[in-house]
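A short worksheet on the structure shown next.
Numbering (this note's numbering), first residue to last: 14 to 434.
So, in structure tokens, the structure goes:
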């Protein structure tokens, strides 16, 4: 049965108007998880197939598996990268108890996901038998997919006892999405024991096609982002050197952002600085607005984000309203809240539903710019306090524990059957 279980936290009635009866607080999430946590099989290994690089922007997969790695052996298989020489695997341990596999393939052989699997599946099987970081450690694992693209080649091929699909975005709507990604997603969902979604719009969509869907939206590491409220945290020079006020964004810079809006904000306040911190992906850097008061800082370390956001007077979520943003539930919303900053967003559906009025939502370019000015000149202390409270009730720790319980419950029969065989 599909369930709406999200990690938004409880606190503001308007912001949680449809979720309050279903959204677990940290205490409730931990209690639910503890009901699953005493069985000897609670430490099952997990094989992850992810389109996002472990050392890219620290987001949902990293938050989840850095926590699961405390109790579970994690094999994190990334998409192939282009490299000279024969096809091979790069294997390392970038995080304790988490082993990363990056297939290396020459450009001439990089055709499609199915050929990738044909080439690398035998190598991965061999590594699972012989590599010192892997040998004997991933028997009866759970296979966890973020991207459905590798599913036809790998699903059911590594001795897994069950399948999890964590749908954090509607990837079919993204720029350069493979034309058959929808078919591959249907294959994953047909075989998944449990489906998670990162947004409520995604939850509604996927629940039509699967009977065990759970909505887990944004979580946040409050201790980490709360450093922005610490008087001892120093604003980095790249931000401190820019004139104020500072209107800032951190995150991936791609087709989901409204660049005309960003340019208009910079033009309205030429004395201000618009800070854009994050890697540029799937858009031409030469086409980004070139205003002298827009500062493109590039990719930043996760460790540095609290000090960067401390320098912002207003946090921005300048998303374009297009197919790529129809289903997003931005993780940065709660991160901005934990930092104690005013937030202005365009009218992304999940933001409107889940985070108003703490987040000021604008429905036009002029409304957005006016909202930024109000937030800068007269920040609402009561809303900032509500934002901090909301963040404190939505930890990643509680979210991950509850997700782990859902996996155990969904796959229990399969695990028991395998163990008895």
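We put the CB at the ideal spot given by N, CA and C, even for glycine.
As assigned by DSSP and simplified to three states, the class of residue i
i           : result
residue 381 : helix
residue 157 : strand
residue 181 : coil
residue 146 : coil
residue 349 : helix
residue 91  : strand
residue 97  : coil
residue 371 : coil
residue 338 : helix
residue 242 : helix
residue 57  : coil
residue 361 : coil
residue 152 : coil
residue 34  : Any answer about residue 34 is weak, because its pLDDT of 28 lies below 50 and its placement is not dependable; what the coordinates show is given next. Coil at residue 34, not helix or strand.
residue 332 : strand
residue 132 : helix
residue 356 : strand
residue 321 : helix
residue 174 : coil
residue 169 : coil
residue 78  : helix
residue 315 : helix
residue 376 : coil
residue 123 : coil
residue 254 : coil
residue 219 : helix
residue 298 : helix
Beta-ladder partner(s) of residue i, from DSSP
i           : result
residue 309 : 289
residue 304 : Note: residue 304 sits in no beta bridge, so no partner.
residue 209 : 179 and 227
residue 103 : 115
residue 266 : 293
residue 62  : 90 and 158
residue 108 : 111
residue 327 : 260
residue 233 : 408
residue 69  : Answer is none; residue 69 lacks a bridge partner.
Rounded distance between the beta-carbons of residue j and residue i, thought under 8 Å
i           : j           : result
residue 207 : residue 420 : 6 Å
residue 298 : residue 70  : Incorrect: roughly 17 Å between the Cβ atoms, too far for contact.
residue 152 : residue 172 : 7 Å
residue 100 : residue 132 : 5 Å
residue 209 : residue 179 : 4 Å
residue 249 : residue 321 : 6 Å
residue 345 : residue 263 : 7 Å
residue 275 : residue 287 : 6 Å
residue 104 : residue 140 : 6 Å
residue 332 : residue 271 : 6 Å
residue 168 : residue 211 : Not quite, the Cβ-Cβ distance comes to about 21 Å (not below 8 Å), so this is no contact.
residue 98  : residue 134 : At roughly 19 Å, the Cβ-Cβ gap does not stay under 8 Å, so residue 98 and residue 134 are not in contact.
residue 9   : residue 235 : Nothing can be reported for residue 9, as the shown portion of the chain is limited to 14 through 434.
residue 260 : residue 385 : 6 Å
Option in the options with minimal Cα separation from residue i
i           : options               : result
residue 296 : 269, 312, 414 and 86  : 269
residue 307 : 252, 194 and 153      : 252
residue 375 : 391, 366 and 358      : 358
residue 244 : 118, 319, 417 and 255 : 319
residue 285 : 210, 264 and 258      : 258
residue 8   : 230, 397 and 305      : Outside the shown range of the chain (14 to 434) lies residue 8, about which nothing can therefore be said.
residue 409 : 422, 392 and 232      : 232
residue 329 : 356, 140, 321 and 316 : 356
residue 338 : 87, 266, 161 and 144  : 266
residue 116 : 128, 272, 85 and 260  : 128
residue 423 : 334, 367, 392 and 205 : 205
residue 213 : 310, 335, 394 and 368 : 368
residue 125 : 94, 393, 277 and 68   : 94
residue 130 : 154, 170 and 108      : 170
residue 379 : 196, 360, 392 and 365 : 360
residue 198 : 158, 236 and 290      : 158
residue 348 : 400, 413, 384 and 385 : 400
residue 351 : 238, 273, 163 and 416 : 238
residue 416 : 72, 108 and 81        : 81
residue 439 : 61, 221, 396 and 119  : What the structure shows of the chain is the stretch from 14 to 434, and residue 439 is not part of that stretch, so it cannot be assessed.
residue 109 : 364, 388 and 83       : 83
residue 277 : 377, 203 and 317      : 377
residue 111 : 68, 120 and 143       : 68
residue 119 : 102, 201, 200 and 246 : 102
residue 240 : 62, 63, 144 and 353   : 353
residue 91  : 55, 65, 147 and 142   : 65
residue 61  : 146, 156, 411 and 242 : 156
residue 334 : 309, 362 and 313      : 362
Contained alpha helix (DSSP H) runs [length at least 4] in the region 391-427, N- to C-terminal order
Here the runs fully enclosed are 394-405.
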